[in-house]
Each structure stands twice: as C-alpha cells, then as structure tokens.
Amino acid sequence: MKQLIMILFAAATLVACNQEVKEGTGGQSSGRIVYVNTDTLLNNYDLYKEVVKEFQNRQFALENELQKKSESFQNEVALFQRRIQAGGMTQQQAETTQQQLQKKEQDILMYRDNAAQGLATDQAQRTDEILTKIQDYLEKYNADDRYDMVIGYSKGGGVLYAKSNLEITQEVLKGLNEEYADSKDGDDTAEADSTSAE
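Position 192, counted from 1, in the sequence shown is what our numbering calls 193; the numbers after and before it change by one each time, with no gaps.
Put into structure tokens, the structure is as follows:
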C-alpha cells in the first residue's frame, strides 16, 4: 500500500502544483520547485496512520475468520475420514458427504477471494481519498503561486538529491494534520448534535 501511495502521490503532486503561468509575467515562471518527503509525510499524517490501522484490523479480522472456517472444515474432514474408516457410512452417504465437503471448501475459497478483493478495492478507494486530500491541501497551500512545482521525494525514488531548504514536508504535514483534526472535530460535533436530537 505504501509504495502505491508514494507513486500516486508523486503523480498527484506534479499535477496539483503545475499551475498555469499568470499573464503579465512574460510567460516565464519563477522556476521555484520544492519537495515533500513522502515517507515522512505518510508516516506522520494522522489520516494515513488511521487508515493503515483500519486496514490492518480488517485484515487481521479476515485472517481470524478464515482460520476459524478452515479449522471447522478440517474438523469435518477428519470426522468424515474417521467415519469412513470405521465403516459407519454407506457408499452413497460417503459420496454425498464428500461432495458437500468439496462444495464447502470451494465456498471458503470463494469467500476468501471475495473478501480479499473487497478489501483491496476499499484500500484503493481510501488511498485515492488520501491522495485527493493531499493534492487539495497542496493547491490551497500554494494559492499564492509561490511555487511552480511540488514534487514528492522518497528514498530510492526518482529524485536523488535536493537541498534541504527546498523541503516543505513539516509545513505540509502540520497543515494536513490540522485540517484532519478539524474535520474529525466537526464530525464528532455533528454526531453529538444528532445524538442529542434523538
């Protein structure tokens, strides 16, 4: 998830801050480029941390549920094998039970695949939401057109060197976390208002 977000973030920041050159500047841009350390930004962005935790919890719950289904299935298979060995089933009963067990195994595998696909879809959607919030914030942050471009930097990425005085990570991070905290406070207030109205 982190690599996907970093790639999408780099593309989004280039699009977000690639502002049109204003008239009256003779068609020349200032050439002011700054960067955001995407590793630092994501690791310290409260919304991102919350989303990562949410998906870790969902993944853990899914793994536990699948483990329980698998153990239950294995117990049924073991019971079936014991009954066959003990001669406690007719040929017809054994065939019917075997078909039921095969169907149950297929259902478990299908459930696993569908749940994993649903989780991946939700994760992609939340990733897009995070990138949109970052992009929207960068547009507001650069409303005065002081920068021509904000690029994403990550270790091992496309940018090999940049002067540290061009880094705006902490400023952007502070603003993003403040916006997120304000939006959470607004959500909490709205929930409290709707609860008290009931």
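Yeah, the Cβ is synthetic: ideal placement off N, Cα and C, and Gly gets one too.
**7 angstroms Cβ shell around R127 - same chain, five flanking residues per side excluded** = V52
**Request:** Go to Y36, then tell me how far its alpha helix (DSSP H) extends in each direction, as first and last residue.
**Result:** Under the DSSP assignment, Y36 falls outside any alpha helix (DSSP H), being part of the beta strand (DSSP E) whose first and last residues are I34 to N38.
**Prompt:** Do three or more CB pairs link the region 40 to 58 to the region 73 to 90 at distances below 8 angstroms?
**Reply:** no
**Request:** Check the DSSP bridge columns for V151 and list the partner residues they point to.
**Result:** V35
**Item:** Span separating the alpha-carbon of Q101 from that of E64
**Value:** 24 angstroms
**Item:** Endpoints, the alpha helix (DSSP H) within which V160 is located
**Value:** First-last for V160: undefined, no H or E at that position.
**Request:** Taking the CB atoms as reference points, tell me whether L43 and Y49 lie closer together than 8 angstroms.
**Result:** For L43 and Y49, yes; Cβs fall inside 8 angstroms.
**Asked** Roughly how many angstroms separate the alpha carbons of L161 and D40, rounded to a whole number?
**Response** In a straight line, the C-alpha of L161 is about 14 angstroms away from that of D40.
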